[in-house]
Every structure is written in structure tokens, then in C-alpha cells.
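Here the protein sequences come in this chain order: A and B. In our numbering, each number is its position in the first sequence, counted from 1, plus 2. In our numbering, each number is its position in the second sequence, counted from 1, plus 2. Working notes for the structure below.
Number of protein chains: 2
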Amino acid sequence: MDKKLHARYEARAKIIKALAHPTRLFIVDELSKGEQCVCKLTDMIGSDISTVSKHLSILKNAGVVQDDKRGTQVFYTLKMTCSIGFFNCVEDILAGSIREHMALSGEK
Amino acid sequence: MDKKLHARYEARAKIIKALAHPTRLFIVDELSKGEQCVCKLTDMIGSDISTVSKHLSILKNAGVVQDDKRGTQVFYTLKMTCSIGFFNCVEDILAGSIREHMALSGEK
DNA sequence: TCCTTATTTGGTCAAATAGCCAAATACAAG
DNA sequence: CTTGTATTTGGCTATTTGACCAAATAAGGA
Chain A
3 MDKKLHARYE ARAKIIKALA HPTRLFIVDE LSKGEQCVCK LTDMIGSDIS
53 TVSKHLSILK NAGVVQDDKR GTQVFYTLKM TCSIGFFNCV EDILAGSIRE
103 HMALSGEK
Chain B
3 MDKKLHARYE ARAKIIKALA HPTRLFIVDE LSKGEQCVCK LTDMIGSDIS
53 TVSKHLSILK NAGVVQDDKR GTQVFYTLKM TCSIGFFNCV EDILAGSIRE
103 HMALSGEK
């Protein structure tokens, strides 16, 4: 694999890696409904606010979300809206795995 | 976030995590052109064959690829074909980042 | 059966990730 | 300028990941 090609895959992987965490997937889903401030997301997620803030900065760094500081709060919005379609694709895989699992267990 | 919801995001994340590595993205791209044996992929990638084998097993475990043992070789095929559309989406983000970067550098 | 080739698995080590707490910053209101 | 609220950053530890090597398996042919 040549160097330029490798760099291309690295760049892709960076974005996908940003999505590859349950909390961050939740955030993306939540933001697909509209903007949210860090505090609201923190309430919903239930981790430490510093943890949520770090997840948001990973997403922002990857170009998946955008932030907008208004007064003392920071509001995040989804930038990578096409990810929603992909999640449906992921759900299909999950549905398939469940079917296979049932088939292996001898259920119909 | 309730327990069931969390499990759902965990399951999604597992699949996305499987894709979140440059070598594995390369494999998916390669398999989108047709099946390949481990040895051929190893040649293209240039890492140790055990490393490639492990990447393949991660993809297989996530339901992204399928294997088919024929004689002494193992051939892998892409199961999650919808990922291709997602990669275009990822490319758009990358293109956007490059544009932003140029804008910040004062170029047009 | 005994090689040879193709692939997987186990072990080890270094690097990256995720979470929490505490400290630093940013900003608005008094 | 002091206080209070919202958020980010730094530091620390535990866990996971990724790469390589060596050893184990699997299948085919001599």
C-alpha cells in the first residue's frame, strides 16, 4: 500500500473512529434532532461533564459536529448529517446478526 | 440513558469500531471489488500475515465480512455492502475539512 | 505418513483510549 | 472586581488496541 493511499485511509479512519463509541453515537443521534448544549447532553448521558466535553471535542475535531458559544453555554450541532443513513445500514447488520444467532440456536 | 438504549449504542459502536482502522478500511474497499484470499490481502497491505488475519477476524466478528474456506486458502467477501455509501459521506467531510483548512490559511 | 503452504491463535509489549477528579477559563450578573 | 454557572483542560489510572514473533491447526500432495 503506497504512502498517499495509506494517508487517505488514515484520514477516513480518524473520522470513523470518532463515531466508534456508544456515547458519541448517542450524541450524534441526539444532535440529529437539533442543537443541544453540553449541559443537556450531560444530563441525558449521565457521565461526568468533563467526559462528555471530551467526547464532543473528539467529534468536533473530526468534523462531525460544530460548536457555537452563546453566552456561558456552548451549543453543538451535527455537521455530518449523512451519518444517519449509515446508521440504518449498521442496524441492518445488527438485525442480520440477531437472525443468524436465532438460526444457530435452532429457532425460526 | 437507560440500559436497553445503552446496549443498542454499544452494539452499533462495535460494528463501527470494526471499521475504524486504516487497514480494515482498505480491506473493505478491496473486498468491495470482489472476494480475496488472506495471502493476497497480506501482499497488498504489507504487514505480517498474523496481523492481517486478526483484522479480518475483527471484521468477521462484527458481521462486516464473511469467510469461505476452500482447500488451503480462506476467501473473504464483503457482507456489509452499504458501507460504501457511507465512505462517500466520510469523503465529503474530508473534502470539507480541506476547504476549511485552505480558507484559514487565506487561500481561495 | 511426512512435508509444505495457508491461516489462526497465544504471548508480549508499547501506544492509544476512556473515565474521573481537580484546576483553569470564560462569561454574565451583581 | 467578586461570585456563580458552564465548559474545557491537565493529570492519573485502568483498560483496550495493534503489531510482531513463535507456536498451533488445517488441508493437500509426495
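Note that the Cβ used here is the ideal one computed from N, Cα and C, for glycine as well.
Counting along the chain, B:D69 sits inside the beta strand (DSSP E) bounded by residues V67 to R72. Leaving aside the five residues that flank A:K16 on each side, the residues in its chain whose CB is nearer than 8 angstroms to its CB run, in chain order, A64.
The distance from the Cβ of B:E37 to that of B:F77 is about 5 angstroms, consistent with a contact at the 8 angstroms cut-off. For B:G98, the neighbours in chain A by C-beta distance under 7 angstroms run, in chain order, G65. For B:T79, the uninterrupted beta strand (DSSP E) segment begins and ends at Q75 to L80. At a Cβ-Cβ threshold of 7 angstroms, A:I95 and B:M3 do not count as neighbours. Interface residue (Cβ-Cβ distance to chain A less than 7 angstroms): B:R72 is not classified as such. At a C-beta separation below 8 angstroms, A:S85 has these neighbours in chain B: F88 and C91. Taking a 10 Å sphere around the C-beta of A:A105, we find fewer than 16 other C-beta atoms and assign the residue as exposed. Put simply, the segment 18 to 30 of chain B does not touch the segment 28 to 45 of chain A. Fewer than three CB pairs are less than 8 angstroms apart. A:F28 belongs to the set of residues whose beta carbon lies under 7 angstroms from a beta carbon in chain B. CA-to-CA, the gap between A:G87 and A:T74 works out to about 34 angstroms.
According to DSSP, residue pairing for A:C39 in a beta bridge involves A:F77. In summary, A:R14 is buried, with 16 or more beta-carbon neighbours lying within 10 Å of its beta-carbon over all protein chains present.
Membership of B:S55 in the alpha helix (DSSP H) is indicated by the continuous run I51 to N63. The three-state secondary structure of A:M104, taken from DSSP, is helix. Under the 10 Å beta carbon count, B:I51 is surrounded by fewer than 16 other beta carbons and is classified as exposed.
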